[in-house]
Amino acid sequence: PIPLNREDQYHINPDKISEEIRRGTSVILTSNPRNPTGKMVANPELARIQDLCRDHTTLVMDEFYSGYNYTTDCDGQVISAADNVKNVDEDDVLIIDGLTKRFRLPGWRVAWILGPKAFIKALGSCGSYLDGGTNVPFQEAAIPMLEPPKVRNEMRSLQRHFRDKRDYVVERLTRMGFDLPYVPDSTFYLWLDLKQLPEGINDGLNFFQACLEEKVIVVPGIFFDLNPSRRRDLFDSPCHHFVRVSYGPLMDTLKAGLDGFERVLKKWNAFPDKQKGS
1 PIPLNREDQY HINPDKISEE IRRGTSVILT SNPRNPTGKM VANPELARIQ
51 DLCRDHTTLV MDEFYSGYNY TTDCDGQVIS AADNVKNVDE DDVLIIDGLT
101 KRFRLPGWRV AWILGPKAFI KALGSCGSYL DGGTNVPFQE AAIPMLEPPK
151 VRNEMRSLQR HFRDKRDYVV ERLTRMGFDL PYVPDSTFYL WLDLKQLPEG
201 INDGLNFFQA CLEEKVIVVP GIFFDLNPSR RRDLFDSPCH HFVRVSYGPL
251 MDTLKAGLDG FERVLKKWNA FPDKQKGS
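Heads up: the sequence shown is residues 1 to 278, going by full-length UniProt numbering.
Below you can see the structure in the form of structure tokens.
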């Protein structure tokens, strides 16, 4: 894995990509936008990354959250590596997307891959052996949903809806005293740093337990630590002092969840003094 860090807001640096290519890396896999940080790479930086990879390495882009773009005034625009592909059969770029996130239809299990014909043929063969492919009725139902004007209108509404919820969550967390080094520019997740909280709730697992007692769910950060060989101890994880907060639920649910956050902080005397009486 290529580690990203809080100090530069989990930025994917093209220079780091270039360094990995010089080391002989043959495939680079990344998500754009990214869960759990809520960060995204847009042009011209995205185009630079693709230029670096072109003719040197295969770039695999997970773009399932690409519709959740808050950088263009919620005009419905989607950020995608497809905009920078010069020749779909010559650029070694695979773009993966689907209905699961953007259209909130995870149960349909409909997704697609854009890439060179040779790659698609090989992937199609693998799919036919593994699961037989996506069910045909849902594929047929998906086609009219993907007409460009419909997609643009859908994305415009989606972006405005989730931006409003993001702004509400950010405002509430800021009032609670959390240090937010950036506002997510994509997805519906927020990567929350707990280091400033009292010992006992300043790590993901203990904060999760405290929230659970208030009927609130967060995801401990350690579950996002890519550590397949288990060389790191659980408590040495760079994600240990984080949780992922989702602003995907309904607004009333978000309000109730953030009220639960406040109760946790008050129990541990961690709620800002100026807010305690409100």
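By construction, the Cβ of each residue, glycine as well, lies at the ideal position given by its N, Cα and C atoms.
Beta-bridge pairing of residue 189 - partner residues as DSSP gives them: Counting from one through the sequence shown, the residue named residue 189 turns up at place 189. As computed with DSSP, residue 189 is found in a beta bridge with 246.
Taking just the CA atoms, how far does residue 78 sit from residue 1? Translated into positions along the sequence shown, residue 1 becomes position 1. Translated into positions along the sequence shown, residue 78 becomes position 78. Straight-line Cα distance between these residues: approximately 26 Å.
Check whether the region 210 to 224 touches the region 121 to 138, taking contact to mean three or more Cβ pairs, one atom from each stretch, closer than 8 Å. Result no; under three Cβ-Cβ pairs closer than 8 Å.
Flag residue 223 as yes when its Cβ comes closer than 6 Å to any non-hydrogen atom of the ligand GTP, and as no otherwise. Looking for the ligand GTP in the displayed structure turns up nothing, as the structure carries no ligands at all.
Out of curiosity, what's the CA-to-CA distance linking residue 207 and residue 54? The count along the sequence shown starts at 1 and reaches residue 207 at position 207. The count along the sequence shown starts at 1 and reaches residue 54 at position 54. Near 44 Å, if we compare the C-alpha coordinates of residue 54 and residue 207.
Output yes or no for whether 7 Å exceeds the beta carbon distance between residue 279 and residue 155. Lying outside 1 to 278, the shown extent of the chain, residue 279 is not represented and no answer is given.
Short of 8 Å in beta carbon distance, which residues of its chain neighbour residue 91, apart from the five on each side in sequence? Order them along the chain. Along the sequence shown, read from residue 1 onward, the residue named residue 91 stands at position 91. 50, 54, 85 and 116.
For residue 210 and residue 172, the rounded distance between their alpha carbons: For this step, residue 172 is matched to residue 172 along the sequence shown. For this step, residue 210 is matched to residue 210 along the sequence shown. Taking the straight line from one Cα to the other gives about 18 Å.
Can you tell me where the beta strand (DSSP E) with residue 98 in it begins and where it stops? Along the sequence shown, read from residue 1 onward, the residue named residue 98 stands at position 98. Unbroken beta strand (DSSP E) run through residue 98: 93 to 98.
Coil, strand or helix - residue 219 by DSSP: Numbered from 1 along the sequence shown, position 219 holds the residue referred to as residue 219. Three-state DSSP puts residue 219 in a strand.
Short Cβ contact (7 Å threshold) for residue 192 with residue 245: Here residue 192 is taken as the residue at index 192 of the sequence shown, counted from 1. Here residue 245 is taken as the residue at index 245 of the sequence shown, counted from 1. Taking 7 Å as the cut-off, the Cβ atoms of residue 192 and residue 245 count as close.
So what does residue 113 bridge to, in DSSP terms? Here residue 113 corresponds to residue number 113 of the sequence shown, with the count starting at 1. Note: residue 113 sits in a beta bridge opposite 96.
Beta-carbon proximity check, residue 62 vs residue 26, cutoff 7 Å: Locating residue 62 in the sequence shown gives position 62, where the first residue counts as 1. Locating residue 26 in the sequence shown gives position 26, where the first residue counts as 1. Not closer than 7 Å, so no.
Specify whether the region 252 to 264 and the region 224 to 241 touch according to this definition: at least 3 beta carbon pairs, one from each stretch, less than 8 Å apart. Judged by Cβ distances under 8 Å, the region 252 to 264 makes no contact with the region 224 to 241, as fewer than three pairs qualify.
Give the DSSP bridge partners of residue 27, in chain order. Reading the sequence shown from its first residue, position 27 is the one you call residue 27. As a beta-bridge residue in DSSP terms, residue 27 pairs with 58.
Report the three-state DSSP secondary structure of residue 87 (helix, strand or coil). Numbered from its first residue, the sequence shown carries residue 87 at position 87. Coil, per DSSP.
Distance check for residue 73 and residue 226, CA to CA, integer angstroms please. Start at 1 with the first residue of the sequence shown, and residue 226 comes out as number 226. Start at 1 with the first residue of the sequence shown, and residue 73 comes out as number 73. Taking the CA atoms as reference points, residue 226 sits about 33 Å from residue 73.
By the three-class DSSP mapping on this structure, what secondary structure does residue 153 have? Counting from 1 along the sequence shown, the entry for residue 153 is found at position 153. Residue 153 sits in a helix when the DSSP states are folded into three classes.
Sorted by chain position, which residues of the same chain lie with C-beta nearer than 6 Å to residue 187's C-beta, five sequence neighbours on each side aside? By 1-based counting over the sequence shown, the position of residue 187 is 187. Excluding its 5 nearest sequence neighbours in each direction, residue 187 has C-beta neighbours in its own chain below 6 Å: 33, 35, 38, 65 and 68, listed in chain order.
Report the option in 177, 95, 97 and 163 whose CA atom is closest to the CA atom of residue 273. Translated into the one-based positions of the sequence shown, residue 273 becomes position 273. Cα-wise, what sits closest to residue 273 is 177.
In this structure, does DSSP put residue 135 in helix, strand or coil? Looking up residue 135 in the sequence shown gives position 135. Residue 135 sits in coil when the DSSP states are folded into three classes, being neither helix nor strand.
Candidates 109, 165, 169 and 149: closest to residue 141 by CA position: Taking the first residue of the sequence shown as 1, we reach residue 141 at position 141. Minimum Cα-Cα distance from residue 141 among the listed residues 109, 165, 169 and 149 corresponds to 109.
Given a threshold of 16 other Cβ atoms within 10 Å of its Cβ, counted over all protein chains shown, does residue 40 qualify as buried or as exposed? Start at 1 with the first residue of the sequence shown, and residue 40 comes out as number 40. By the neighbour-count rule (16 or more Cβ atoms within 10 Å), residue 40 is buried.
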